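Numbering (my numbering), first residue to last: 272 to 571.
We put the beta carbon where it would ideally sit given N, CA and C, even for glycine.
Being a predicted model, the structure only gives us computed values, none of them experimental.
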């Protein structure tokens, strides 16, 4: 069987002979041999006339191309490893927060006594992103090996500028006003933040244990909030940032919180739909729990 490949502009990139059992990941190697400048991580293919990209492991060419045997190729550009990108983007707050906290003369032109909320806010943010760094290095198993180089600049802008610089500048400003919460409220927010961070870690461990090394396989997660929502890890992260925003009481903290809720709500719904589609109860597959929501228990 032959498969024709075209570029997105319609340029003919040749015909390729494939076997009945050829998977897309094997086809990418064949394509790379003919076009060495496009390694497999840069390649994206979809069936002509359809927008969705084909899956490396699950999409057999023989099944995908029963009627139309034309693939459309897209060059994804320079790729970087997910683990590398995560380490770089999370380093932003770990650099910016201590710099603004310990060297106020450089940024504000004067020294400043640190309040209780500033000290704890510093510990919250640094602790959160240090946890993220360690999880990225030693815990997470990524479904995709790489992401486009452009994503590095977008992600770094979000964490380095919006969180590290924007929040840090106002939180550690000499004119920062300490929130007038009762001590019980402050310590309650600290406890809720720490609890949410711990639950988030447990959720990440559940997801890691469901994916065998070197695969993109998924299972149905359970426990630590997963009985109620598909993305309990995102839910606990949002709770942690709510605690941080209320505790520090700065406008940038709430802006970052709203941005995080928006992004995670989109990601969680996409993952929720993938779970429902994948675990449909057919061909021996388990049926995904119908009572689960995507992100917010009983609501969304």
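For residue i, the residue or residues it bridges with in DSSP
{"i": "residue 351", "result": "418"}
{"i": "residue 286", "result": "275"}
{"i": "residue 317", "result": "343"}
{"i": "residue 551", "result": "558"}
{"i": "residue 564", "result": "500"}
Distance CB(residue i)-CB(residue j) smaller than 7 Å
{"i": "residue 521", "j": "residue 442", "result": "yes"}
{"i": "residue 357", "j": "residue 400", "result": "no"}
{"i": "residue 412", "j": "residue 479", "result": "yes"}
{"i": "residue 310", "j": "residue 343", "result": "no"}
{"i": "residue 439", "j": "residue 367", "result": "yes"}
{"i": "residue 487", "j": "residue 328", "result": "yes"}
{"i": "residue 540", "j": "residue 516", "result": "no"}
{"i": "residue 388", "j": "residue 450", "result": "yes"}
{"i": "residue 383", "j": "residue 445", "result": "yes"}
{"i": "residue 475", "j": "residue 410", "result": "yes"}
{"i": "residue 313", "j": "residue 284", "result": "no"}
{"i": "residue 473", "j": "residue 495", "result": "yes"}
{"i": "residue 354", "j": "residue 407", "result": "yes"}
{"i": "residue 559", "j": "residue 547", "result": "yes"}
{"i": "residue 542", "j": "residue 502", "result": "yes"}
Cβ distance (whole Å) where residue i is taken to contact residue j below 8 Å
{"i": "residue 527", "j": "residue 434", "result": "5 Å"}
{"i": "residue 563", "j": "residue 500", "result": "6 Å"}
{"i": "residue 420", "j": "residue 351", "result": "6 Å"}
{"i": "residue 288", "j": "residue 277", "result": "Not a contact, Cβ separation roughly 17 Å."}
{"i": "residue 557", "j": "residue 491", "result": "6 Å"}
{"i": "residue 364", "j": "residue 430", "result": "6 Å"}
{"i": "residue 386", "j": "residue 447", "result": "7 Å"}
{"i": "residue 340", "j": "residue 275", "result": "6 Å"}
{"i": "residue 549", "j": "residue 489", "result": "7 Å"}
{"i": "residue 359", "j": "residue 436", "result": "Contact flag wrong, Cβ pair sits at about 16 Å."}
Minimum Cβ-Cβ distance from residue i to chain B less than 7 Å
{"i": "residue 274", "result": "The displayed structure is made up of one protein chain only, and chain B is not part of it."}
Original post:
Taking one C-beta from the segment 304-318 and one from the segment 365-381 each time, how about it: are there three or more such pairs within less than 8 Å?
Top reply: no
Original post:
Which ranges would you report for the alpha helix (DSSP H) in the segment 383-432 if only whole runs of at least 4 residues count?
Top reply: 387-409, 420-427
Original post:
Taking contact to mean at least 3 C-beta pairs separated by less than 8 Å, is the segment 504-512 in contact with the segment 462-480?
Top reply: yes
Original post:
Is the segment 488-506 touching the segment 535-542, taking contact as three or more C-beta pairs under 8 Å?
Top reply: yes
Original post:
Considering only residues of the segment 488-538, which uninterrupted alpha helix (DSSP H) runs meet the minimum length of 4 residues and lie entirely inside it, listed in chain order?
Top reply: 503-519
Original post:
Of all the alpha helix (DSSP H) runs that stay within the bounds of the segment 429-471, which reach a length of 4 or more residues?
Top reply: 439-442
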